[in-house]
Amino acid sequence: MIQPLAYIHPQAKIAENVVIEPFVTIHKDVEIGEGTWIGSNVTIMDGARIGKNCRIFPGAVISAVPQDLKFGGEYTTAVIGDGTTIRECVTVNRGTNDRKETRIGKNCLLMAYTHVAHDCIIGDNCILANAVQLAGHVTVDDWAIIGGTSAVHQFVSIGAHVMVSGGSLVKKDIPPYTKAGREPLSYVGINSVGLRRRGFDSAQINQIQEVYRILFMKNYNTTKALDIIDAEIAPTEERDEIVNFIRNSNRGIMKGFSSN
Numbered sequence: 000m001i002q003p004l005a006y007i008h009p010q011a012k013i014a015e016n017v018v019i020e021p022f023v024t025i026h027k028d029v030e031i032g033e034g035t036w037i038g039s040n041v042t043i044m045d046g047a048r049i050g051k052n053c054r055i056f057p058g059a060v061i062s063a064v065p066q067d068l069k070f071g072g073e074y075t076t077a078v079i080g081d082g083t084t085i086r087e088c089v090t091v092n093r094g095t096n097d098r099k100e101t102r103i104g105k106n107c108l109l110m111a112y113t114h115v116a117h118d119c120i121i122g123d124n125c126i127l128a129n130a131v132q133l134a135g136h137v138t139v140d141d142w143a144i145i146g147g148t149s150a151v152h153q154f155v156s157i158g159a160h161v162m163v164s165g166g167s168l169v170k171k172d173i174p175p176y177t178k179a180g181r182e183p184l185s186y187v188g189i190n191s192v193g194l195r196r197r198g199f200d201s202a203q204i205n206q207i208q209e210v211y212r213i214l215f216m217k218n219y220n221t222t223k224a225l226d227i228i229d230a231e232i233a234p235t236e237e238r239d240e241i242v243n244f245i246r247n248s249n250r251g252i253m254k255g256f257s258s259n
């Protein structure tokens with residue numbers, strides 16, 4: 000159902016069973032999958048690729064050009080996966096020459112006033128609470144949750160199953176399976192509640208806990224801690240994901256545990 004007060008460019012590709020409310024504007028180079036609902040006063044600009052069964056609430060702006068002075072009008076996209084919900088006044092900018100796209104995965108929830116800048120990559124099943132602000136080139140892996148009003152520095156990576164406290168300033172990479180809080184942002188434990196909800200068993204959780212005890216609580220430097228983890232903890236998918244994330248970190252990881 001498309002309301003007559005909406006403007007849709009005749010070359011936009013709109014699937015069946017898409018609901019478009021009044022005062023929506025949809026530009027030429029746009030694709031929207033079946034079953035998606037577009038609330039009133041949404042603007043969807045060139046380069047948007049929106050999946051099936053998404054919900055986009057009033058005031059959102061999808062695929063606007065990047066807020067990057069180096070952007071030269073190159074062809075890029077903003078991709079939103081199936082089942083994702085984008086709440087009121089969210090802004091998602093399309094990519095630049097760096098990654099060619101901004102991508103949000105499946106079944107994500109972006110709460111009101113969230114901003115996703117150019118070249119961000121967000122995995123599946125992520126939650127960005129109200130007014131989270133992602134600068135350019137940020138990567139957020141599957142199942143991560145970022146608390147409201149948090150600001151994430153450009154080029155930061157946030158691992159899978161991470162929980163970030165509301166109001167955080169995220170300047171360093173956050174390894175997978177952890178909780179991050181305090182100021183400056185620091186390790187405050189593993190996300191054991193989230194892991195149990197997602198089917199991780201006690202053996203997996205205990206091993207993740209031991210990896211982070213060595214990394215953050217034994218007063219080793221990062222290189223020494225990783226050597227000990229390699230030597231003393233049996234290889235598993237979770238151990239290897241943590242080790243590889245840290246070794247590939249470009250910005251360095253957040254601070255370790257402190258009682259101060």
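At position 70 of the sequence shown (counting the first as 1) the number is 69 in numbering that gives the first Met the number 0, and the numbers step up by one without a gap. Ideal placement from N, C-alpha and C gives every residue a C-beta, glycine not left out.
Out of the options, which has the shortest C-alpha to C-alpha gap to residue i?
i, options, result
"H152", "A134, G146, E240", "A134"
"H136", "G104, L214, D97", "D97"
"M253", "R197, C107, V187", "V187"
"E73", "E100, I79, G82, W36", "E100"
"E182", "I228, T138, R196, S164", "S164"
"A179", "A143, I19, I37, D118", "A143"
"G255", "A230, D200, T177", "T177"
"D200", "S185, E237, G166, L184", "E237"
"I157", "D226, C119, N106", "C119"
"R250", "V155, V78, L68, V139", "V155"
"K105", "I25, F22, C53", "C53"
"D28", "Q132, A230, I43", "I43"
Kindly indicate which three-state DSSP category residue i falls into: helix, strand or coil?
i, result
"K254", "strand"
"L108", "strand"
"G82", "coil"
"K223", "helix"
"E20", "coil"
"Y211", "helix"
"I232", "coil"
"D239", "helix"
"A11", "coil"
"V169", "strand"
"A116", "coil"
"R196", "helix"
Measure the beta-carbon distance from residue i to residue j and round it to whole angstroms, keeping in mind my assumption that it falls under 8 Å.
i, j, result
"E33", "E15", "5 Å"
"V41", "P57", "6 Å"
"V161", "I173", "5 Å"
"I145", "L168", "Not really, about 12 Å apart at Cβ, beyond 8 Å."
"I189", "I207", "5 Å"
"T83", "I103", "6 Å"
"A63", "C88", "Incorrect: roughly 13 Å between the Cβ atoms, too far for contact."
Would you decide whether residue i is buried or exposed? Buried here means 16 or more other CB atoms lie within 10 Å of its CB.
i, result
"M216", "exposed"
"R86", "buried"
"N220", "exposed"
"M110", "buried"
"K171", "buried"
"P9", "exposed"
"L4", "exposed"
"D45", "buried"
For the ligand GDP, is there any heavy atom lying closer than 7 Å to the beta carbon of residue i?
i, result
"H136", "As presented, the structure is devoid of all ligands, the ligand GDP included, so that no description of it is given."
Task: Whole alpha helix (DSSP H) elements within the region 120-159, 4-residue minimum - done: Runs of the alpha helix (DSSP H) inside the region 120-159: none found.
Task: Those runs of the beta strand (DSSP E) which lie wholly inside the region 40-98 and span at least 3 residues - done: Within the region 40-98, the complete beta strand (DSSP E) segments of 3 residues or longer fall at 47-49, 60-63, 76-79, 90-92, listed in chain order.
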